[in-house]
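In what follows, a structure is listed as structure tokens, so that the remarks can point back to it.
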Amino acid sequence: MSPAKRKIGGAIFVWLFLLLDADQLFHDLLKLHIFP
């Protein structure tokens, strides 16, 4: 595997992790607003 491909794969993995994490955080915030 070339370094460029490994870097791209790592970036995608990080982005997926951040998006999933942000999605969970967003739902938690939404719940707090709906049910104080």
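Numbers 7 to 42, taken from my numbering, label the letters of the sequence shown in order. Glycine included, every Cβ here is placed at the ideal spot set by N, Cα and C.
Span separating the alpha-carbon of residue i from that of residue j
i	j	result
LEU31	LEU38	11 Å
SER28	ILE18	For the record, residue 28 in the displayed sequence is Ala; it is not Ser. ALA28 and ILE18: Cα-Cα distance of roughly 15 Å.
HIS33	VAL20	20 Å
ALA10	LEU26	24 Å
GLY15	LEU24	14 Å
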